[in-house]
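Asks:
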Amino acid sequence: MIQSMTRRWHALALTLTIAAGAVFMAPVHADEPKKFKIYLSLSYSGNNWMSETANIIKALAKTPPYDKLVDLKEVISGTDPQAQIAAYESMIDAGADGVISFPISPTALNRVVKRGCERGVKFFMYDSTVTESCAYNVSYISAGFGENTAQALVNELGGKGKIFMVRGVPGTSVDKRHADGAKAIFAKYPGIEVVSEYYGMWDDRIAQQETAKALAAHPDVDGIWSELGEAGTLNAVADRGGKMVPIVGENMNGFRLGFLNPDYQKRGLQGVSSGSPPATAGYAFKLMMEILTGKRKQEPVSIEYPLPWATSEQIKLCNGSKIENGCNVFDASLVPQGFSTVIHDDVLLPEIDLRAALEGKPVDGMTIQPLPAAIHQAPPEPGINCQRCEAPADHYKLTVVQPTVAGQ
Amino acid sequence: MNASPETLPSALAVVDQRAAAKTNPETVTAIMLLLATVLLIFGSKLISPALGSWEQVLTILTLGSFLLVAAFGQGLVILTGGLDLSVPGTFMLGGVLSAAWIGSGDVHLWFFLPTILLLGGVVGAANGLGVVLLKVPPFIMTMGMSIIVGSIALGYTGGSTLGAAPTLLKALMKGDTLGVPNIVLLILVFSIAGWLLQSRTHFGRNLYAVGCSPAAARIAGIPITRTLVLVYALSGIASAFAGALLTGYSNGATLRMGDAYLLPTVAAVILGGASILGGSGSFINTLCGVLFLSTVESVIAATGLDQGWRLIISGTIIVLAILIQQAQASGARPGLSRLFKRSSGQPKS
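If you're matching them up, the sequences are chains A and B in order.
One gets the numbering used here by counting positions in the first sequence from 1 and adding 147 to each.
One gets the numbering used here by counting positions in the second sequence from 1 and adding 33 to each.
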């Protein structure tokens, strides 16, 4: 019985694989042979961050001159590495020129990536990374979100106080890197006590519920260090009334708007907004296109995207959907609170505006702007962008903020 | 929907007697769960002196309310011998549409909110029709429906869920009325309504009959198709409402917001003493199960243990609680339920 069921499952899986393969292998635009065949591979979709990155790439692919050069196909393969492996396989077989992807695992995809490289496919990973050396990684991970935000919190608290750590998804290399960096800083200050450490799963709803629980146990908390989901962390702190504590977090619109809220300001909200920028995806796509079109010579490398950084005083509301004069947050009526705000960069990604990030449509009259020639190579991060390597001695060195309180 | 008097002949009297005979162990289970909950809340003072406060109780009630509302629907479905795995789909549907269609501007709130709940009901009714007419096992039917609803939502939103929470929902979760938090009133009103529906209406009694033995219920003249379709529809409405409440609480929605609620709804119903095979259970007990589960989660969160240990402890407590509850139930009425199940000869999915 079990055997026959297993066989049936195998048969079903095989059929599905063949069917998927057939879809990918179907001749695409045979009459436009000059176009580059680019695949966008997402691990899962269902949060704002992921769809913003996809929209940015789609908008760029429709911005002249890439609208005539790129044939872009999007594949969403869920949270299972096996599904993404199968998707990559199909893309390689379909004759992809480039694959731009948010990889679900830093190691599980290595073999298929290597096979693709051997067939001449360029792999560009954004935000998350793979350790296979023939792929290009473009990420902010090595830029030190954890240590810099931790130091900012320590500075704000004068070197002592009880804090919460709101982590991301347990078991991911990104969460570990952020938390390790933060803890390396907190460890220097004996006056800093982490009274609660919990997982918000990079989701503002879960972060809010978990923070509400932690606040019930530790109402005397002095500050909060939070990975993505910090808009929920902020809501939980705001909901309980009274004095608010400093929060350092990522780039959610609802979090940044909190710093402009007069009531919250009166209640003492301070903090820093940093973390994962969706703009990385656009930068990765532009780099890939410059290499594919021969404008840039670059061997596979891990490239660091600069760490976004805005203190509570630097938050500035954008006028409508226009991103100009250094504004960095949108009105609540335009985007949900979970929208990641860093979608544009005056130098690296001037092509993108709010509509592009929300709908994947190119900006009227915009053309692709060349990237600066120099790239910032990322330091080795074991298990993140290299396999058998060692982190540099100054692994958690501060880059954006300096200590104002002496540590040990 | 009430069954007409002629649909309740003598066969149901047997069910009524069974319900009366069960009252005792069910009440014991409820009291034990409540006692354990109160003990946990006071005992948590040992972990942190700030715990055991009214603020903590309010946090537990607020975070438990989503589970309570969704578990009400799950409880009805389990009572009939089914299982509703579409909770994540309908939950998300309620949450995402509340943010996208109504939003913080309260656009046509009084039209859209009932429409959204009705949509949840339509999805549920489709589950019911599949189960009754197409004879698809509830497990498969509802799981498939959840995937379909999730996929439609992904296509419709493009992954980016827009909008924020309507004022009414925010007020429900966070406001006060005459000094009493609205969330307490909501839980009170919902619990009384749920209890009345399940235990004091013909429709509710029909569910016990269907769950105990569909064949006997059919002979007794109970409209099985209508009853089951309505049950799944109610579950869809309940879980869409739970999703809308979570949107109100967190001021936004995501496509995965319902995922975390599927298994806890089943756990709360079973903890309350209901049989996973159907035919027994009461909503007051589910309420006690929800309070216990939410309290366990809240207290464990305060321990400061690693995530792994937290999950191990909460899993162990749930298993232990179910073991104790079953031992107590079978001790109170030795073998009765098992005997009945065997004699009915109805394998349940």
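Backbone N, C-alpha and C fix where the C-beta goes; we use that ideal spot for every residue, glycine too.
Quick one: does K309(A) have its CB under 8 Å from some CB of chain B?
Replies: Position 162 of the first sequence, counting from 1, holds the residue named residue 309(A). Not an interface residue.
Asks: For G467(A), which beta-bridge partners are listed by DSSP?
Replies: Here the question's residue 467(A) lines up with position 320 in the first sequence. G467(A) is not bridged by DSSP to any residue.
Asks: Specify the secondary structure class of S188(A) as computed by DSSP and reduced to three states.
Replies: By 1-based counting over the first sequence, the position of residue 188(A) is 41. Three-state result, S188(A): strand.
Asks: Measure from the C-beta of I173(B) to each C-beta in chain A and report whether the shortest distance is under 8 Å.
Replies: For the purposes of this step, residue 173(B) is taken as residue 140 along the second sequence, with counting starting at 1. Chain A, which has no Cβ nearer than 8 Å to the Cβ of I173(B), makes this no.
Asks: Can you find a CB in chain A that lies within less than 8 Å of the CB of L72(B)?
Replies: Position 39 of the second sequence, counted from the first residue, corresponds to residue 72(B). For L72(B), the answer is no, since every Cβ of chain A falls outside 8 Å of its Cβ.
Asks: Quick test of your reading: I310(A) and V277(A), contact by CB under 8 Å. State the CB separation rounded to the nearest angstrom.
Replies: Counting from 1 along the first sequence, the entry for residue 310(A) is found at position 163. Counting from 1 along the first sequence, the entry for residue 277(A) is found at position 130. That belief does not hold up - the Cβ atoms of I310(A) and V277(A) are roughly 33 Å apart, past 8 Å.
Asks: Quick check for students: name the residue ranges of the alpha helix (DSSP H) that lie wholly in the segment 208-233 of chain A, counting only runs of 4 or more.
Replies: 213-216
Asks: Taking 7 Å as the limit between beta carbons, can you name the residues of its chain near L159(A), skipping five residues before and five after?
Replies: Indexing the first sequence from 1 puts residue 159(A) at position 12. Any answer about L159(A) is weak, because its pLDDT of 48 lies below 50 and its placement is not dependable; what the coordinates show is given next. Excluding positions up to five away in sequence, the list is empty.
Asks: Where in the segment 393-466 of chain A do unbroken runs of the beta strand (DSSP E), each at least 3 residues long, occur, reported from the N-terminal end onward?
Replies: 394-396, 418-421, 449-451 and 456-458
Asks: So what's W349(A) in DSSP terms, helix, strand or just coil?
Replies: Reading the first sequence from its first residue, position 202 is the one you call residue 349(A). DSSP places W349(A) in coil when its eight states are reduced to three.
Asks: Going by DSSP, what residue range makes up the alpha helix (DSSP H) through G161(B)?
Replies: For the purposes of this step, residue 161(B) is taken as residue 128 along the second sequence, with counting starting at 1. First-last of the alpha helix (DSSP H) with G161(B): L142 to V165.
Asks: On the premise that G370(A) lies in contact with V392(A), defined as a C-beta separation below 8 Å, what is that separation, rounded to the nearest angstrom?
Replies: As a working note, residue 392(A) is residue 245 in the first sequence. As a working note, residue 370(A) is residue 223 in the first sequence. Between G370(A) and V392(A) the Cβ distance is about 5 Å, and since that is below 8 Å, they are a contact.
Asks: Using a Cβ-Cβ cut-off of less than 8 Å, give me the residues of the segment 348-372 of chain A that come near chain B, in sequence order.
Replies: So the close ones are D350, D351, R352, I353, Q355, Q356, E357, A359, K360, A361, L362, A363, A364, H365, P366 and D367.
Asks: Hey, is A479(A)'s beta-carbon within less than 8 Å of any beta-carbon in chain B?
Replies: Along the first sequence, one-based indexing puts residue 479(A) at 332. Yes, A479(A) lies at the interface with chain B (some Cβ there is under 8 Å from its Cβ).
Asks: Under a CB-based cut-off of 8 Å, is Y346(A) close to chain B?
Replies: Position 199 of the first sequence, counted from the first residue, corresponds to residue 346(A). Y346(A) counts as touching chain B.
Asks: Per DSSP, L585(A) forms a beta bridge with which residues?
Replies: The question about residue 585(A) has no answer, for chain A in this structure spans 148 to 555.
Asks: Can you give me, in chain order, the residues of the segment 235-247 of chain A that have a beta carbon less than 8 Å from any beta carbon in chain B?
Replies: Those residues of the segment 235-247 of chain A that come within reach of chain B (Cβ to Cβ, closer than 8 Å) do not exist; the list is empty.
Asks: For D339(B), count the other beta carbons within 10 Å of its own beta carbon; 16 or more makes it buried, fewer makes it exposed. Which is it?
Replies: Looking up residue 339(B) in the second sequence gives position 306. Exposed, by the Cβ-count rule.
Asks: Below 8 Å between beta carbons: does that hold for F325(B) and L353(B)?
Replies: On the second sequence, position 292 is the one that residue 325(B) refers to. On the second sequence, position 320 is the one that residue 353(B) refers to. Contact flag unset, no.
Asks: So, is the C-beta of N101(A) closer than 8 Å to a C-beta in chain B?
Replies: Nothing about residue 101(A) can be read from this structure; chain A reaches only from 148 to 555.
Asks: According to a CB-to-CB cut-off of less than 7 Å, which residues of the segment 369-394 of chain A neighbour chain B?
Replies: If the cut-off is 7 Å between Cβ atoms, the segment 369-394 of chain A has G379, N382 and D386 near chain B.
Asks: Check the Cβ of L505(A) against every Cβ in chain B and list those closer than 7 Å, keeping chain order.
Replies: Residue 505(A) sits at position 358 when you count from the first residue of the first sequence. Within 7 Å Cβ-Cβ: S193.
Asks: Sorted by chain position, which residues of the same chain lie with C-beta nearer than 6 Å to D350(A)'s C-beta, five sequence neighbours on each side aside?
Replies: In the first sequence, residue 350(A) corresponds to position 203, counting from 1. Contacts found: G376.
Asks: Is there a C-beta anywhere in chain B that falls below 8 Å from the one on G315(A)?
Replies: Along the first sequence, one-based indexing puts residue 315(A) at 168. Not closer than 8 Å to any Cβ of chain B, the Cβ of G315(A) fails to qualify, so no.
Asks: Rank P366(A), N398(A), Y411(A) and D367(A) by C-alpha distance to the C-alpha of N382(A) and give the top, closest one.
Replies: Residue numbering aside, residue 382(A) sits at position 235 when the first sequence is read from its first letter. Checked all of P366(A), N398(A), Y411(A) and D367(A); the closest Cα to N382(A) is Y411(A).
Asks: Helix, strand or coil: how does DSSP classify P170(B) here?
Replies: Locating residue 170(B) in the second sequence gives position 137, where the first residue counts as 1. Correct three-state label for P170(B): coil.
Asks: Just the C-alpha distance for T319(A) and P453(A), rounded to the nearest angstrom, thanks.
Replies: Here residue 319(A) corresponds to residue number 172 of the first sequence, with the count starting at 1. Here residue 453(A) corresponds to residue number 306 of the first sequence, with the count starting at 1. Each residue's Cα considered, the two are about 21 Å apart.
Asks: Mind pulling the chain B residues with CB within less than 7 Å of Q93(A)?
Replies: In the structure as shown, chain A begins at 148 and stops at 555. Residue 93(A) is therefore absent and cannot be evaluated.
Asks: Can you list, in chain order, the residues of its chain with a C-beta nearer than 8 Å to that of A553(A)? Leave out the 5 residues immediately preceding and following it.
Replies: The residue given as residue 553(A) occupies position 406 in the first sequence. Non-local beta-carbon contacts of A553(A) in its own chain, meaning distances under 8 Å to residues more than five positions away in sequence, involve G306 in chain order.
Asks: What residue range does the alpha helix (DSSP H) around Y265(B) cover?
Replies: Residue numbering aside, residue 265(B) sits at position 232 when the second sequence is read from its first letter. That run of the alpha helix (DSSP H) goes I257 to S283.
Asks: Can you tell me whether A520(A) is buried or exposed? The criterion is at least 16 other CB atoms within 10 Å of its CB, across all chains shown.
Replies: The count along the first sequence starts at 1 and reaches residue 520(A) at position 373. Classification for A520(A): exposed.
Asks: Using the three-state DSSP reduction, which class does Q555(A) fall into: helix, strand or coil?
Replies: Here residue 555(A) corresponds to residue number 408 of the first sequence, with the count starting at 1. Of the three classes helix, strand and coil, the one that applies to Q555(A) here is coil, per DSSP.
Asks: Give me the Cβ distance between S224(B) and L150(B), rounded to the nearest whole Å; I'm assuming they're in contact under 8 Å.
Replies: The count along the second sequence starts at 1 and reaches residue 224(B) at position 191. The count along the second sequence starts at 1 and reaches residue 150(B) at position 117. At roughly 18 Å, the Cβ-Cβ gap does not stay under 8 Å, so S224(B) and L150(B) are not in contact.
Asks: What residues of chain B sit near G485(A), judged by a beta carbon separation below 8 Å?
Replies: Position 338 of the first sequence, counted from the start, is the residue given in the question as residue 485(A). T194, G285 and T287, listed in chain order.
Asks: Kindly indicate which residue of V329(B), Y294(B), L101(B) and A198(B) has the alpha-carbon position closest to the one of I345(B).
Replies: Here residue 345(B) is taken as the residue at index 312 of the second sequence, counted from 1. Considering only alpha carbons, the answer is V329(B).
Asks: Note the first and the last residue of the continuous alpha helix (DSSP H) segment covering Y241(B).
Replies: Sequence index remark: in the second sequence, residue 241(B) carries index 208 (1-based). Its alpha helix (DSSP H) spans residues H235 to C245.
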